[in-house]
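Visitor: Provided herewith is a single structure, encoded as C-alpha cells, for subsequent inquiry.
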Amino acid sequence: MTRHVQPIQCIGCPTGCGGEVIIENGAVVEARGFTCDVGRAYAAEEVVAPKRMVTTTVRVNGGALPLLPVVSDRPILKGSISACLRLLRSVTATAPIAADSVVLADALGLGVNFLASRDCAESFDAPQWGETRQADVAIEPADQALAALGQMHDATSVSAEAEVELADNVAAPWHDPSLPISERMAMAAGKPLAMRMMAAMAQQDCRQCGYDCAGYANALVLQEEERLTLCATGGKETARVLKQLVAEIGSGGAASADVAVRASAAAQPAEVGTSRDNPKEAKFLSRRRLNGAGSSKTTWHIEFDVSAGGLDYIVGDSFGVFPKNHPEFVDQVIATLGADPGHDVGGKSLREALIADVSLGAAPDNLFRLFSYLVGGERRAKARALANGEDPDGDAATLDVLAALNKFEGARPDAEAFLEALDPLEPRLYSISSSLKANPGRVGLTVDAVRYRVGARDRHGVASTFLGERVATGEVVKAYVQKAHGFRLPDNPDAPVVMIGPGVGVAPFRAFLQERQAVGARGRNWLLFGHQHRRCDFFYEDEFEAMRKSGLLTCLSLAWSRDGDQKVYVQDRMREAGSELWRWLAEGAHVYVCGDAKRMARDVERALLEIAIEHDARSIEEAVNFVAGLKEAGRYQADVY
Ligand SMILES: Cc1cc2nc3c(=O)[nH]c(=O)nc-3n(C[C@H](O)[C@H](O)[C@H](O)COP(=O)(O)OP(=O)(O)OC[C@H]3O[C@@H](n4cnc5c(N)ncnc54)[C@H](O)[C@@H]3O)c2cc1C
Ligand SMILES: NC(=O)c1ccc[n+]([C@@H]2O[C@H](COP(=O)([O-])OP(=O)(O)OC[C@H]3O[C@@H](n4cnc5c(N)ncnc54)[C@H](OP(=O)(O)O)[C@@H]3O)[C@@H](O)[C@H]2O)c1
Ligand code: SF4
315 MTRHVQPIQC IGCPTGCGGE VIIENGAVVE ARGFTCDVGR AYAAEEVVAP
365 KRMVTTTVRV NGGALPLLPV VSDRPILKGS ISACLRLLRS VTATAPIAAD
415 SVVLADALGL GVNFLASRDC AESFDAPQWG ETRQADVAIE PADQALAALG
465 QMHDATSVSA EAEVELADNV AAPWHDPSLP ISERMAMAAG KPLAMRMMAA
515 MAQQDCRQCG YDCAGYANAL VLQEEERLTL CATGGKETAR VLKQLVAEIG
565 SGGAASADVA VRASAAAQPA EVGTSRDNPK EAKFLSRRRL NGAGSSKTTW
615 HIEFDVSAGG LDYIVGDSFG VFPKNHPEFV DQVIATLGAD PGHDVGGKSL
665 REALIADVSL GAAPDNLFRL FSYLVGGERR AKARALANGE DPDGDAATLD
715 VLAALNKFEG ARPDAEAFLE ALDPLEPRLY SISSSLKANP GRVGLTVDAV
765 RYRVGARDRH GVASTFLGER VATGEVVKAY VQKAHGFRLP DNPDAPVVMI
815 GPGVGVAPFR AFLQERQAVG ARGRNWLLFG HQHRRCDFFY EDEFEAMRKS
865 GLLTCLSLAW SRDGDQKVYV QDRMREAGSE LWRWLAEGAH VYVCGDAKRM
915 ARDVERALLE IAIEHDARSI EEAVNFVAGL KEAGRYQADV Y
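Right under this line is the structure:
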C-alpha cells in the first residue's frame, strides 16, 4: 500500500486555510487541518483533479465586484444556492453574504462555481494563482443576470426573497412516535414538502440524525443535507418515503416554492467532537455488567477516557459512538457472497470495509435492486418488489444483509457493487450516565446489548454488542458529544427534581445525581426506577442505596415488572404516590422521563395527567393544559428513544 501526505492550501474563501490530505493508493482517505467543509472538499478534489487557480475580477454594473469562488463542483454546491450561502457564510467573516446573493455557476468557464453578492462590501483576490480573467456581468436585478448567464442550476424563476414553508413541532399533529408512518403521512397529506418529510421521520426528536425531526426535514428541503438514511430510528420505511418526496424538489410541481432561496441563519462549522460529522477519538476503558445471575438482559456500564479533550459534556448530553460490525458476522457475509476478503476496494480490503463502513442490518432497497439485475424469472420479480418496499413472501422485516444474500443465493454481485448498494454504518447515541465533575476525564454509559433470534439465527445489535462485547480496553473509537436540547437540570439548584427512568432510561439520572452531589445542590431528588427483577436488574443498586442513606436521594421508588403475578411499572408507583408527587409539583419540581419512547413515555405522561385530575379535581382538558404548561416552562423534559 502506498501512503503519503500532501499539504494543500484551500482557496475556498479569503481565510485561505491550509491543511493536508492523506492519500492511500492514489485515493484520498482523509483531509485534515482545514477549518471547514469547503476546505476538506476542496482538498479532496484538488488531489483528484487539480483546478486552475485564477484571479477573478468581474465587472458588475460598471464597477468591480469581488466574487467568492466555490471550489467544489459537488452537486450540493452546484445545485443549491442555500447550501452555497450556508457554507460560504460559515467560512467567510470578511465578506458578508447577503440573502440576495446569487450563484454564478461557472460564469467564467473555469469549472468553478462563483457566488456574488450585490452587498459584498469587502474585496479580496488571489493574485498569486496564475492568470487573470475578466467578465462583464450586469447583476441587477439578480435574477435577470442569472437568466442572461443561462447557467443557473436552480430554476431562474426562483425569487431570492421567497420563503420556504418549513416544518416545526407546533403545527405537527403527526409528531407522535406512537403513530405508524402510514397514519403520519396521511395526516400530513397536502401539506408543504417539509412537513410531509417531517411526517416521514420517526418523531422521536432523538437527534441520532444530527437534527431534530423538523430540522432534518427542513435541511433536506433546503438542500443543506443530501443524506436520506440518517433517521436510523425510522429505518428503511422513512428512507423510502424520503426518497419519493425528495424527487419533488426542483420538479416545479407542488414543491416548487420549497426550492426557493432562503437566507438561513449562519451555520458555523461544528467544533470537533460535537457532531456526528466531526467526531473525535475516545479511548475505551472498561465495561462492567450491571445485571446479576439469572437476568434475561445483558446490560453494561461502559467507560471511555475523554481526558484528551474535545469531548467535554454536560449531564443530559448523549455520547455518539461509531461502532464496527462483528468480524465473524462479516466473514459469514463474505463467505455467502463468495468474495475474496482481501479484495481491494478503494484502498482497503473488502473485509475492512464491511467491518467499519457499511450497515449489515436491514437490507436496503438498493441491494434488492442490485439482485434484480442479477437474477431472473420469479426471483427477479421478487427482488424488484422488495426494492419497491413490497413484501412478496412476508419476510421483508427479517431480511438483514446476510438473510437477503441467502434469499437470493447465487446472485453473487461484484464486491464493489455490493458495497455500494449498502447503507453507511451510522453512529449510535447513548445517554451519558456520569457527571464530568464527579469523574474528570471520563464518560460513563449504560448500554443494553441488543440480542434476539430470528428463525435459526441469533441476531445482534451492532453498537450495543460492540460496546458490550467487542471493543478492547485501550482501543480508540470515533465518538462525539450530542448536546441535549431541553434535557437539563434546573438552573436553580434548590428546585426539586423527579426522575423517571426504567431500564437503561436510568442512565442520565445517575449523571444528574452525581452532578447534584458534586455541586452541593440542595434541591430534593426523587428517582423512579424499574426493571424486570429486583434480584438481578437493579442497576447501580449500591450507588443509589448509598445516595438514599446520605440523604441525596429523598425518594427512591422501585417497580419490578416480573417479580409478582402482576406487572408493576414506574407509572404504577407514580399513581400510588400521587399526592406526594402532586406536592412536589406544587413546590416547583421539574419532572424528567428517559427510556422507551413508544410505550413507556406515553404511559408515564398519562399517569401524570391522571394524578393532576385526581389531586386537583381538574377536568381532562385542564390536566392536559397543565402538563403542556409544565413542558412549556421546561419543567417536564423527556429524553426518549
Ligand atoms: C438519545 C438516545 C439515547 C440513547 N441512550 C441509550 C442508552 O442509554 N442505553 C442504551 O442501551 N441504548 C440507548 N439508546 C439506543 C441506542 O442508540 C441504540 O439504538 C441501541 O443500542 C441499539 O443499537 P445497536 O446498534 O446495538 O442495534 P442495531 O444494530 O441498530 O439493531 C437494532 C434493531 O434491531 C432490531 N431488533 C431489536 N430487538 C429486536 C427484537 N427483539 N426482535 C426483532 N428485531 C429486533 C430492530 O429493528 C432494531 O431497530 C439511545 C438512543 C438515543 C436516540
Ligand atoms: N422501541 C421499543 O419498543 C423499545 C422498548 C423498550 C426498550 N427498547 C430498547 O431495548 C433496549 C433495552 O431496554 P431496557 O434495558 O431499558 O429494558 P426495557 O425493555 O425498556 O425494560 C425496562 C423495564 O420497563 C418495563 N416496561 C415495559 N413496558 C413499559 C411501559 N409501557 N411503561 C413502563 N415500563 C415498561 C419493562 O417491563 P417488562 O419488559 O417486564 O414488560 C422493564 O421492567 C434499549 O436499547 C431500548 O432502546 C426499545
Ligand atoms: S433520527 Fe431521531 S431526530 Fe432524527 S429524524 Fe429520526 S427520529 Fe427524528
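Its first residue numbered 315, the sequence shown is counted upward by one per residue in the working numbering. Yeah, the Cβ is synthetic: ideal placement off N, Cα and C, and Gly gets one too.
So GLY813 is in the alpha helix (DSSP H); what residue range does that whole segment cover?
Guide: A small correction: the amino acid at residue 813 is Met; Gly does not occupy that position in the sequence shown. No alpha helix (DSSP H) contains MET813, which is instead part of the beta strand (DSSP E) from 811-814.
Visitor: Spell out the partners DSSP gives GLN320 in its beta bridges.
Guide: Its beta-bridge partners are VAL335.
Visitor: Taking 8 Å as the line, does the beta carbon of PRO816 fall inside it for any heavy atom of ligand 2?
Guide: Checking the Cβ of PRO816 against ligand 2 gives yes.
Visitor: On the CB-based measure, 16 or more other CB atoms within 10 Å of its CB, does PRO364 come out buried or exposed?
Guide: Low local confidence applies: a pLDDT of 46 at PRO364 is under 50, so the model's placement there is unreliable, with the coordinate-based value given in what follows. Answer is exposed; the Cβ neighbour count stays below 16.
Visitor: Can you tell me whether LYS594 is buried or exposed? The criterion is at least 16 other CB atoms within 10 Å of its CB, across all chains shown.
Guide: LYS594 should be labelled buried.
Visitor: Taking the straight line between their C-alpha atoms, what separation do you get for GLN846 and ALA786?
Guide: Cα to Cα, the separation comes out at about 29 Å.
Visitor: Can you name, in chain order, every residue of its own chain whose Cβ lies under 7 Å from the Cβ of LYS721, other than the five neighbours on each side?
Guide: Contacts found: LEU713.
Visitor: Once the 5 residues before and after LYS751 are set aside, which same chain residues still bring their CB inside 8 Å of it?
Guide: Excluding positions up to five away in sequence, the list reads GLN828, GLU829, ALA832, VAL833.
Visitor: Which runs of the alpha helix (DSSP H) spanning at least 4 residues fall entirely within the segment 735-811, listed in chain order?
Guide: Those alpha helix (DSSP H) runs which fall completely within the segment 735-811 and span 4+ residues are 776-779.
Visitor: Using a Cβ-Cβ cutoff of less than 6 Å, which residues in the same chain neighbour MET501 once the five nearest sequence positions on both sides are dropped?
Guide: So the list reads PRO487, TRP488, once near-sequence residues are dropped.
Visitor: Report the three-state DSSP secondary structure of CYS545 (helix, strand or coil).
Guide: Correct three-state label for CYS545: coil.
Visitor: On the DSSP bridge assignment, give the partners of TYR906 in chain order.
Guide: Bridge partners of TYR906: MET813, GLN951.
Visitor: So, with DSSP's three-state summary, where would you put GLU924?
Guide: Looking at GLU924 - three-state DSSP - the assignment turns out to be helix.
Visitor: Taking the alpha helix (DSSP H) that ALA341 belongs to, which residues open and close that run?
Guide: Note, ALA341: premise wrong, no alpha helix (DSSP H); beta strand (DSSP E) at 341-346.
Visitor: Can you check whether the CB of GLY819 is closer than 9 Å to the CB of CYS908?
Guide: Taking 9 Å as the Cβ cut-off, CYS908 and GLY819 qualify as a contacting pair.
Visitor: I'd like the span of the beta strand (DSSP E) that includes ASP619, first residue to last.
Guide: From DSSP, the beta strand (DSSP E) with ASP619 extends over 613-619.
Visitor: Nearest to LEU719 by CA position, among GLU704, ALA697, VAL586, is which residue?
Guide: Cα-wise, what sits closest to LEU719 is ALA697.
Visitor: Among the residues of its own chain, which have a CB less than 8 Å from the CB of THR779, if the five just before and after it don't count?
Guide: For THR779, where only same-chain residues beyond five positions count, the Cβ hits under 8 Å are HIS640, ALA763, VAL764, ARG765.
Visitor: By DSSP, does GLY634 sit in helix, in strand, or in coil?
Guide: GLY634 falls in the strand class under three-state DSSP.
Visitor: Assuming ARG510 contacts LEU559 (C-beta within less than 8 Å), just tell me the rounded distance between them.
Guide: About 6 Å; that satisfies the 8 Å criterion.
Visitor: Kindly list the residues whose CB is nearer than 6 Å to the CB of GLN951, restricted to its own chain and excluding five residues on each side of it in sequence; keep chain order.
Guide: Closer than 6 Å at Cβ, skipping near neighbours: GLY800, PHE801, TYR906.
Visitor: Pick from VAL319, ARG848, ARG773, ASN753: whose alpha carbon is nearest that of GLY878?
Guide: Checking every option, the nearest Cα to that of GLY878 belongs to ARG848.
Visitor: On the DSSP letters alone, give me the boundaries of the beta strand (DSSP E) that ASN839 sits inside.
Guide: Here the beta strand (DSSP E) through ASN839 covers 839-845.
Visitor: For HIS845, verify whether its CB is less than 8 Å away from any heavy atom of ligand 2.
Guide: For ligand 2, at least one heavy atom lies less than 8 Å from the Cβ of HIS845.
Visitor: Out of GLY837, VAL761, GLU855, ARG836, point me to the one whose CA is closest to PHE843's CA.
Guide: Measuring from the Cα of PHE843, the nearest candidate turns out to be GLU855.
Visitor: Following a CB-centred definition, is ARG683 positioned closer than 8 Å to any heavy atom of ligand 2?
Guide: It does not: the Cβ of ARG683 is nowhere closer than 8 Å to a heavy atom of ligand 2.
Visitor: Just checking THR787 against ligand 3 - is the residue's beta carbon closer than 8 Å to any of the ligand's heavy atoms?
Guide: Result no, Cβ not under 8 Å from ligand 3.
Visitor: Which same chain residues, not among the five before or five after TRP898, have their C-beta less than 8 Å away from its C-beta?
Guide: So the list reads PRO810, VAL812, ARG838, TRP840, once near-sequence residues are dropped.
Visitor: Per the contact definition of three or more C-beta pairs closer than 8 Å, is the segment 728-748 in contact with the segment 658-665?
Guide: Touching, yes.
Visitor: What does the Cβ neighbour count give for GLY788, buried or exposed, with the cut at 16 atoms within 10 Å?
Guide: GLY788 should be labelled exposed.
Visitor: Measuring only the C-alpha atoms, how far is LEU460 from ALA503?
Guide: The pLDDT assigned to LEU460 is 39, lower than 50, so where the model puts this residue is not dependable; a value taken from the coordinates is nonetheless given after this. So the alpha carbons of these two residues sit roughly 34 Å apart.
Visitor: Cβ of ASP772 within 8 Å of any heavy atom in ligand 1?
Guide: Not so, every heavy atom of ligand 1 lies at least 8 Å from the Cβ.
Visitor: Going along the chain, which unbroken runs of the alpha helix (DSSP H) with 4 or more residues stay wholly within the segment 628-706?
Guide: Runs found: 641-651, 664-670, 679-688, 691-701.
Visitor: Using 10 angstroms around the beta-carbon of ASP538, count the other beta-carbons present and answer buried if the total reaches 16, otherwise exposed.
Guide: According to the sequence displayed, residue 538 carries Glu and not Asp. So GLU538 ends up on the buried side.
Visitor: Cα-Cα, which of ALA793, ALA777, ALA835 is closest to ASP808?
Guide: Measuring from the Cα of ASP808, the nearest candidate turns out to be ALA835.
Visitor: From the DSSP output, read off the bridge partner residues of GLU919.
Guide: GLU919 is not bridged to any residue.
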